[in-house]
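Novice:
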Amino acid sequence: MTIKRLPIIQRALVTGASGMLGSEIVSLLARKKDSLGISDILKHRHRPAEGFLSLDLKKRSDLKRLAEFDWDVVIHTAANRDPDSCADNPEEAEALNHQATAFLAETAAKRGAYMIYISTDYVFSGNNPPYTEESPTDPINIYGKTKLAGERALLAASPGHCALRVPFLYGIKAGIERAPMLYGSIKALKDASKDYFLDDVGVRYPTFTGDVADAVILLLEKRASGIYHCSGEDKMTKYSIAKLIGDILNLPSDHIKPLDKPAPTKAARPLDSHILTDKLKQLGWNTPPPFSERIENLLKG
Ligand SMILES: NC(=O)c1ccc[n+]([C@@H]2O[C@H](COP(=O)([O-])OP(=O)(O)OC[C@H]3O[C@@H](n4cnc5c(N)ncnc54)[C@H](OP(=O)(O)O)[C@@H]3O)[C@@H](O)[C@H]2O)c1
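The sequence shown begins at -8 in the numbering used here and counts up by one.
1. Under the three-state reduction of DSSP, which class applies to lysine -5: helix, strand or coil?
2. Any contact between the segment 196 to 205 and the segment 271 to 290? By contact I mean 3 or more CB pairs, one from each, below 8 Å.
3. Could you tell me whether the Cβ atoms of leucine 54 and alanine 91 are closer together than 9 Å?
4. Measure the Cβ-Cβ separation of valine 14 and alanine 165 and say whether it is below 9 Å.
5. Identify every residue that forms a DSSP beta bridge with glycine 162.
6. Which of the three DSSP states is assigned to tyrosine 105 in this structure?
7. Using the Cβ count rule (16 or more neighbours within 10 Å means buried), how would you classify alanine 206?
8. Using only the alpha-carbon positions, how far apart do valine 5 and glutamate 59 sit?
9. Quick check: what's the CA-CA separation for isoleucine 236 versus leucine 180?
10. Comparing C-alpha positions only, which one of Met227, Lys229, Asp245 and Glu224 sits nearest to lysine 185?
11. Given lysine 226, which residues of its chain have a CB within under 7 Å of its CB, disregarding the five upstream and five downstream residues?
12. For ligand 1, any of its heavy atoms closer than 8 Å to the Cβ of tyrosine 113?
13. Between proline 261 and serine 110, what straight-line distance do the alpha-carbon atoms span, to the nearest angstrom?
14. Under the rule that 16 or more other beta-carbon atoms within 10 Å means buried, what is glutamate 82, buried or exposed?
15. Using beta-carbon positions only, say whether serine 30 and lysine 23 come within less than 9 Å of one another.
16. Which runs of the alpha helix (DSSP H) spanning at least 4 residues fall entirely within the segment 61 to 105, listed in chain order?
17. Going by other Cβ atoms of all chains shown within 10 Å of its Cβ, with 16 needed for buried, is proline 150 buried or exposed?
18. Find out if the Cβ-Cβ distance for the pair methionine 106, isoleucine 66 is shorter than 9 Å.
19. So the alpha helix (DSSP H) alanine 140 belongs to, where does it begin and stop?
20. State yes or no: is the C-beta of isoleucine 167 nearer than 8 Å to some heavy atom of ligand 1?
21. On the CB-based measure, 16 or more other CB atoms within 10 Å of its CB, does proline 39 come out buried or exposed?
22. Could you check if arginine 72 is buried or exposed, using at least 16 other CB atoms within 10 Å of its CB as the buried criterion?
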């Protein structure tokens, strides 16, 4: 009798590989390819570009094409992550954030592949922080609702899949224009011709994409299943973030003013959706350095 060996060489698919987070995950996967036993990384994005599988995951036909490729791990970051755009286009948000996730999760389950899905702290209303992985979910906008539906579909397709919830992200691997927190703050700081009023009420826990990529690799190595949280530890507001970046870059910031109520937006945002990370730390994820240190290294390094 011949014993069939399990393949140790794997093909990993990263959806949204051109995005702020996806680009960081691809970069770390490439560095750790050999130790992870990955032979090939398939990079997906929406818009056509060399080196990427360019597919619109809102379309069933494009999802089926993605399923035809040979992969046995999928890290699914592609999404519409803008709550206002999701409010304007609820059917498209449903198709991309929920239905595409469900399709990929079912495809992965059928072929015995492992899937990590990037979710969000916006599955919570922000009315009762802090939140553990077991806390009841209660999203208040279409974005949070469609991402939560994605989580449910993921785990219904296979309890062996994994959802990683992350909050407000920053990173520069995909270019600073793709990081609204950094780009928006620096743009406002450099334009001292007028006052900028920035939200000083809504609490954010800015999280570096490199720390999330570390968490993704850890989940992959451990084949962790179920829901995990990954978050930075510093409690900030958009106003305090801009002031801090001004200090670090030595830019005048007297024209950056605090707004003592949330800025009016199309979609409601949670005021404080703090997610706790104890479960991820127990798995071996290290507490990230302070936000100020990270920002200084990133912007000056
Ligand atoms: N950014 C945050 O602060 C934040 C916070 C919490 C959770 N998250 C979650 O983290 C994940 C990654 O977010 P991110 O900030 O890295 O996003 P991002 O920078 O906006 O990148 C989005 C990615 O999705 C692709 N994409 C957009 N529409 C698509 C479509 N119709 N079909 C296929 N692909 C499409 C984009 O491709 P193109 O580049 O070709 O357009 C890009 O690769 C998302 O799942 C998001 O929900 C993000």
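Each residue gets a CB set at the ideal place from its N, CA and C atoms; glycine is no exception. Fair warning: this is a prediction, and the values are worked out from it, not measured in the lab.
Specialist: According to the data block:
1. Low per-residue confidence applies at lysine -5: pLDDT is 43, beneath 50, and the placement is therefore not dependable, though the value from the model is reported in the following sentence. Three-state DSSP puts lysine -5 in coil, outside helix and strand.
2. yes
3. yes
4. Rather than valine, the amino acid found at residue 14 in this sequence is serine. Their beta carbons are under 9 Å apart, which means serine 14 touches alanine 165 by this criterion.
5. Paired residue(s): none; glycine 162 is not in a bridge.
6. strand
7. Here alanine 206 is buried, its C-beta having at least 16 other C-beta atoms within 10 Å.
8. Straight-line measurement puts the Cα of glutamate 59 at about 15 Å from the Cα of valine 5.
9. 9 Å
10. Asp245
11. Val194 and Tyr196
12. yes
13. 15 Å
14. So glutamate 82 counts as exposed.
15. no
16. Correct list: 74 to 79, 81 to 84 and 91 to 101.
17. exposed
18. yes
19. Residues 133 to 148.
20. Here the distance from the Cβ of isoleucine 167 to the nearest heavy atom of ligand 1 is not below 8 Å.
21. It counts as exposed.
22. buried
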